[in-house]
Amino acid sequence: MQLSRRGFIKLTGAGLAASSLGALGFGPAGEAMAAAVRPFKLVAATETRNTCTYCSVACGILIYSMGDRAKNARSNIIHIEGDPDHPVNRGTLCPKGAGLLDVVHAPTRLKTPRYRAPGASEFKEVSWEFALGRIARLMKDDRDKNFIDKNKAGTTVNRWTTTGMLAASASSSETAYLTWKVARSLGMVVFDNQARV
Amino acid sequence: MADLQTQNYIRRSATTLTPPSVRNHEQEVAKLIDVTRCIGCKACQSACMEWNNLRPEVGHFEGAYENPGDLAPSVWTLMRFEEYENDVGNLEWLIRKDGCMHCEDPGCLKACPAPGAIVQYANGIVDFMSDACIGCGYCLKGCPFDIPRINPVDHKSYKCTLCSDRVGVGLEPACVKACPTGAIMFGSKSDMKDWAGERIEDLKSRGFENAGLYDPPGVGGTHVMYVLHHADKPGIYSGLPENPTISKLVQFWKGLIKPIAIAGIAFAAVTAFVHWITVGPNDVEQNDEDEADRLLKKAEGS
Amino acid sequence: MTNTWQDIKNANLVVVMGGNAAEAHPCGFKWVIEAKIENSAKLVVIDPRFTRTASVADKYAPIRPGTDIAFLSGVIRYLLANDRIQHEYVRAYTNAGMIVKEEFGFVDGLFSGYNEDTHSYDKSSWEYEFDEQGFAKVDETWQHPRCVINLLRKHVDRYTPEMVTRICGTPIEKYMEICELFASTSAPDKAMTSLFALGWTQHSVGAQNIRSMAMIQLLLGNIGVAGGGMNALRGHSNIQGLTDVGLLSNAMPGYLTLPYDREDTFETYMSTKQFKPLRPGQISYWQNYRKFMVSFQKAIYGDAATAENNWAYDWLPKLDVPLYDIIRAFEMMDKGEMTGYICQGFNPLQAFPDRGKIRRSLGKLKYLITMDPLDTETSRFWEDFGPQNPSKPEDIQTEVFQLPTTCFAEENGSLVNSARWLQWHWKAAEAPGMAKSDIWIMSGIFHRMREMYRKEGGAFPDPLLHLSWNYTDPHDPDPEELSKDMNGRALVDLKDASGAVTVHAGKLLDGFAQLRDDGTTASGCWIFTGSFTEKGNQMARRDASDPREQGIAPNWAWAWPANRRILYNRASADPAGKAWNPGKPVIEWNGTQWTGIDVPDYTPTTKPSDSVGPFIMNAEGLGRLFARDQMAEGPFPEHYEPFESPSENILHPKVKSNPAARVFADDRAAMGKVADFPYVATTYRLTEHFHFWTKHALINAILQPEEFIEIGEVLAKQKGIVQGGWVKVSSKRGWVTCKAYVTKRIKPLIVDGKPTHVIGVPLHWGFTGQARKGFGANTLTPSVGDANTQTPEFKAFLVNIERATGPAV
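Chains as they are written, first to last, in numbering that gives the first Met the number 0: chain A, 0 to 196; chain B, 0 to 301; chain C, 0 to 808.
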């Protein structure tokens, strides 16, 4: 709203009222108006050292979670900030790193295996047993059908080109190593990661 | 930290009691924003939202990198971007982190009619106390930097707290900690001024003759200061005020009305006041400013 | 990166070209700011757009996308013509004096040996002359007309300042100022660092972009020194690790390579790996290849890999084409040659070129498996999301599995950063719902398939049946156990020459020098040997102390190889062993050994008088100004236009674009012409987002909520496009409708006399997550890759733009 002259008068009136509250002995000490800062929220949170999941600067982060890892408490991540000891980021984070909490708790985090049947218009939730069993079957059937053990020249080549895999460049090296073992022992050659994109 | 008992604050809105003052050896703090090393990454905005549990609505692209479009009850800091072509025709992308300046002489606090809704701690931080806030919007009027915002849902005023909860336990504010390039520093005000001096020297050596510190005297200096490459033209940084001062209206209110109030006021005024605040915040036009100025001069003259 | 992130602070000049470090790597970029403030460094940014990196630069110059080689070749010409190179360094540490075969040549845009039918080269002439002993011939005086430095001089002679500005559109004064800044670091005690990323790789000449700068760095003596180096800033948090562990079509862990069909026996394979030194006394470290290879096979096949079966060599798949890269994979898919595809933490519908082709191809699969913490577009490619993803689900027969996985906060493990540091991280919480780790899922698939093969038999099951799997919980191996596998262990008591036991059987190894080629050691990734030893998990080390605060922090985590923080650090000292820059020495010869703040490139007692070159992975021990046969399109970089370009190739009109690039016929047909698509487009990330993940994070969706493109004021005015108004951007492959950001930061470039407009296309938006729905930049991009790596050309292509009326709903 725009303050007209009448408004200005109202303003002075309001001023009068408020000013008198203090001056007339409705002093702050006696009121439930005690000014207090917000309590520091990390006092007893559990701190875990980790590395930012986004880029390869690999900033050190401190993950704060609710609960002290007691049997009956389920850890819930409440805050993430930079690790001041880390030689590269020295506690700083970028806008992605400073918002990591929201990717951990994204509403679009997946919680259940889901399956979409041929021609279906939606996913349905399935068990891990179903998902992994069906996947293994599909992969084995394809491999058995299309595996190439020798090329035309008669050289043993042992490759499988009809199922491919893209590996995750934000997963750990340990995951990568295990993934390599599984994929290559099947003879998979259509195999790549995010190095190029 | 902030109530009277802690003896940690030096000012409290709408209060004529003298605050406890014996603990007079607290260091003043300051945040120094060096716009010349800011890369506009918005880590400060992200960290502010994360630490303070603020999540404004997902907006739209509005033809600028500023997102959200303006400060808001849940937007306490905002990077402002200005594409500026200098005298020799080279482009400078001036990026300034906007937010509460934590004035030494806080116009918001002076304007605030609600006892204890705005306090200033001995370290210089100006904090809004929501339990006492009545949502009248005077703080907006009092602020020469256009910072506080009233939330229409709860009728409370909001702005940057300088992470008083973190500073209170000995930590730096969330934006300061996050800033990847050290464009935001935090420490004692005197250290920050010293550091700014070094930065200004470096900038001058790089051809920015008018580099300087923005610590405007019109508000008694601020606890959030800027290093600017063009300190002679603060306005080019998305409208940073050239010479901010507290509105005459606020000075008038402090200088004149309060004594009148003390002279004896009926409780009817309180009722009128409470009624008025529900109408919401206000803007003040130039003629109101002029009127205040006239009254102030008259009062001073008498 | 050859150097560390913190080491950037030691630079005197920081050049950001082919990247946008401030926006893509803000926390690493702090060390650029540190260099400016603490080391009085200058920052130069060369980019088609005035980026947020440019906003803090001392010098900014615009460049037309895809013309970096012309720019940098011009810099090389400037350095040679004005004699601004670090002579002693170039003489001692590069192949400048090596004499090249007489048959080598370059005419009208083509090097010798080109085959027009196969779009490839016979590279036999791209080689040194050899003496009777098999060593390369050298002319130390650089008088020989065919020594490398003289051939290089001749090659770059065409890149005059006028030619550079005609091609690149960079104003000549700015270009000359930058040449001089580069040249200033030829002083032995001055260093320039090059920071780059996908702005260089995502071109049909990507690898040569990087080579051009690497050559400049060699000429200036800036490799191996503090504050120098070639620093690929890299992308994802473990993209370095995934590359190190060899999760690429033709790769094996530790940069060993998968065999090709022609390598029909283990010995044939080995014959092309153990490079003999090309100069006397050089190390040529790949001579140890067999040790790494045999130890690897022992690690994955255990007792089943024996000398008799050539360490199970035949169990490795062989390649019949150079790469089964992503462009080839989707070409195969589109042609109906693929059945299944697994996307582990990967979102190709957003990430790969020519989105329409990607969507169409996925619909031809029998099955698609996605493993991801987030609900990706790829897993929903079949669903109709309106114009952003039009689809008829009933017509798509692909079975789709969407498997929920843990994220970083819910698992232990190590990641390798761009400075090659292996850093351990710890789990902070349980995964939500039924989400499981990738390790658990991959193990689950493995066990089920192995069980099926045991019961049913089937195609060649031996590798699967004998895969080594000695984990405490076989269904969910502990990451520490996998780390130890990669580090490697002794399989028997290892003894030294005197017969004394150096490592007991079963114990973890301390370094790759302990690896053997007789099957007595096992190591899953030789470059990681030393990362998890009997002393414990070295990747978990947290001692941040930093001698002289020079940015090495040698006891923080662990770096490959051998905890070396600056690669080629031997080159930080002169031939006699004294630091080029006495203020910032890395290693120096103290009369008896190499000492300093970093681990030396080779045995610390190797005397300077032995003249062992610092580039130990190269057979000549030297940095290569002439690449021999290592590159697909030539031993020297040459400017070729992007496949979609508004300009002819001014240097050689008959050879416009990379002659050695592979382009599939359908993809070639989907290339646009300048008459229809007159503007140059380039894609990029914004600092507020990380690819396609952060639109799922509310904070980041708030910070950049909606798809837009960037356009200069001049073109906007011509096209009647207003600030924040709607536009339609189209390429030969598709179109997007979004808002326009009209900016002063993109200006028309004068290319060969004609104004050229650039349109910027940020790439973050899709149809899942918290941000507003978008079409995705890859709707527009062409499906053509770099000739060496097949990295798609996202940084330079052609589009048209017109004002649009409103949301495409």
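Quick reminder that beta carbons are idealized off the backbone N, C-alpha and C, glycines included. Only a predicted model underlies this, so the values are computations on that prediction, with no experimental measurement involved.
Here Pro-704 of chain C is buried. Its C-beta has 16 or more other C-beta atoms within 10 Å. Within the model, the alpha-carbon separation for Glu-336 of chain C versus Phe-351 of chain C is close to 19 Å.
The DSSP-derived three-state label of Met-16 of chain C is strand. Between Cys-47 of chain B and Cys-138 of chain B, the gap from beta carbon to beta carbon reaches 8 Å or more. Less than 8 Å divides the Cβ of Lys-272 of chain C from the Cβ of Trp-285 of chain C. Under the DSSP assignment, Ala-231 of chain C falls in the beta strand (DSSP E) whose first and last residues are 229 to 231. Between Ile-341 of chain C and Met-65 of chain A, the C-beta spacing is not below 8 Å. Put simply, the CB of Gly-62 of chain B is far from chain A, with every gap to its CB atoms at 8 Å or more. Cα atoms of Lys-694 of chain C and Leu-177 of chain A: separation of roughly 30 Å, rounded to the nearest angstrom.
At a cut-off of 8 Å between beta-carbon atoms, Arg-48 of chain C makes no contact with chain B. Scanning its chain for C-beta atoms nearer than 7 Å, with the 5 sequence neighbours on each side dropped, one finds around Tyr-158 of chain C the residues Ala-69, Ser-72, Gly-73, Arg-76, in chain order. Look at the stretch 165 to 202 of chain C and you find these whole runs of alpha helix (DSSP H), each 4 residues long or longer: 171 to 183, 197 to 200. By a beta-carbon distance limit of 8 Å, Leu-490 of chain C does not contact Ala-512 of chain C. Their separation comes to about 17 Å. Of the residues assessed, Asn-23 of chain B falls on the exposed side of the cut-off, its CB having fewer than 16 other CB atoms within 10 angstroms. Neighbours of Asp-148 of chain A across chain C, judged by C-beta separation under 9 Å: Ala-458, Phe-459. One thing to note: Gly-719 of chain C has its Cβ no nearer than 8 Å to the Cβ of Arg-623 of chain C. In terms of CA proximity to Lys-435 of chain C, C:Gly-344 leads the group C:Gly-344, C:Leu-466, C:Pro-581. Excluding its 5 nearest sequence neighbours in each direction, Ala-572 of chain C has C-beta neighbours in its own chain below 6 Å: Ala-578, Glu-587, listed in chain order. Close partners of Lys-8 of chain C in chain B (Cβ separation under 9 Å) are lacking, with about 12 Å as the shortest Cβ gap. A check of alpha carbon separations from Thr-52 of chain C across C:Glu-87, C:Val-204, C:Met-16, C:Gln-85 identifies C:Met-16 as the nearest. The way I'd put it, the stretch 32 to 51 of chain A does touch the stretch 396 to 416 of chain C; three or more beta-carbon pairs between them come closer than 8 Å. In the three-state reduction of the DSSP assignment, Ala-121 of chain B falls in the coil class. Residue contact check for Met-48 of chain B against chain C: a CB pair falls below 8 Å. C:Ile-526 is the residue among C:Trp-692, C:Ile-526, C:Arg-63 whose C-alpha sits nearest the C-alpha of Thr-242 of chain C. In this structure, Lys-317 of chain C sits away from Asn-145 of chain A, with a CB-CB distance that is not shorter than 8 Å. Interface annotation for the stretch 63 to 86 of chain A against chain B: His-78, Ile-79, Glu-80, Gly-81, Pro-83, criterion Cβ-Cβ distance under 9 Å. Between Ala-618 of chain C and Phe-274 of chain C the beta-carbon gap is near 4 Å, inside 8 Å, which marks them as a contact. In chain order, Glu-121, Phe-122, Lys-123 place their CB closer than 8 Å to the CB of Arg-115 of chain A, counting only its own chain and leaving out the 5 sequence neighbours on each side. Within the same chain, and ignoring the five residues on either side of Leu-61 of chain A in sequence, the residues whose Cβ sits closer than 6 Å to its Cβ are Glu-46, Glu-80, Asp-82. Under the 8 Å criterion on CB atoms, Arg-771 of chain C is classed as non-interfacial with respect to chain A. The CB of Arg-37 of chain A comes closer than 7 Å to the CB of Asp-164 in chain B, given here in chain order.
Runs of the alpha helix (DSSP H) lying entirely within the stretch 133 to 161 of chain C and spanning at least 4 residues, in chain order: 147 to 155. Listed by position along chain B, the residues whose Cβ is nearer than 8 Å to that of Leu-702 of chain C are Lys-41, Gln-44, Ser-45, Asn-66. Exposed is the label assigned to Asp-495 of chain C, since fewer than 16 other Cβ atoms lie within 10 Å of its Cβ.
For Phe-80 of chain B, the closest C-alpha among the options B:Pro-67, B:Val-87, B:Asp-86 is that of B:Pro-67.
The beta-carbon of Leu-185 of chain A is placed no less than 8 Å from the nearest beta-carbon of chain B.
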